[in-house]
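Engineer:
Numbering (the working numbering), first residue to last: 16 to 113.
Written out as structure tokens, the structure reads:
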């Protein structure tokens, strides 16, 4: 377990669930590979949330996955990482600023 708690906000939970289902429908077991990849990144973020670049007034960090075309967007509080989105790279990340 990392130094920081990781909390997925509702929009991120929904996006993750939809992506998991989509991958699982495309190929048996692919949803689980997506889950493992996201979990690996969330563990890494919990250990060192400043590892990934912060943009937009240094508030929002973006962690691009290597295997899947998704990015984890999050912000950091004193002891908690709040994941605001797990979005497909075809989407505009600036949408999280509104």
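Backbone N, C-alpha and C define an ideal beta-carbon position, used for all residues, glycine too.
So, helix, strand or coil for residue 67, using DSSP?
Structural biologist: Coil, per DSSP.
Engineer: Per DSSP, what kind of secondary structure is residue 100 in: helix, strand or coil?
Structural biologist: Residue 100 falls in the strand class under three-state DSSP.
Engineer: Does the contact criterion of 3 or more C-beta pairs under 8 Å hold for the stretch 25-36 versus the stretch 57-71?
Structural biologist: With a cut-off of 8 Å, the stretch 57-71 and the stretch 25-36 do not count as touching, because too few Cβ pairs lie within range.
Engineer: Between the alpha carbons of residue 104 and residue 97, how many angstroms are there, rounded?
Structural biologist: Approximately 19 Å between the Cα atoms of the pair.
Engineer: Distance, Cα to Cα, residue 94 vs residue 30?
Structural biologist: Computed Cα separation, rounded: 24 Å.
Engineer: Hey, is the stretch 71-78 in contact with the stretch 38-53, meaning 3+ C-beta pairs nearer than 8 Å?
Structural biologist: Contact between the stretch 71-78 and the stretch 38-53 is absent, because fewer than three Cβ pairs lie under 8 Å.
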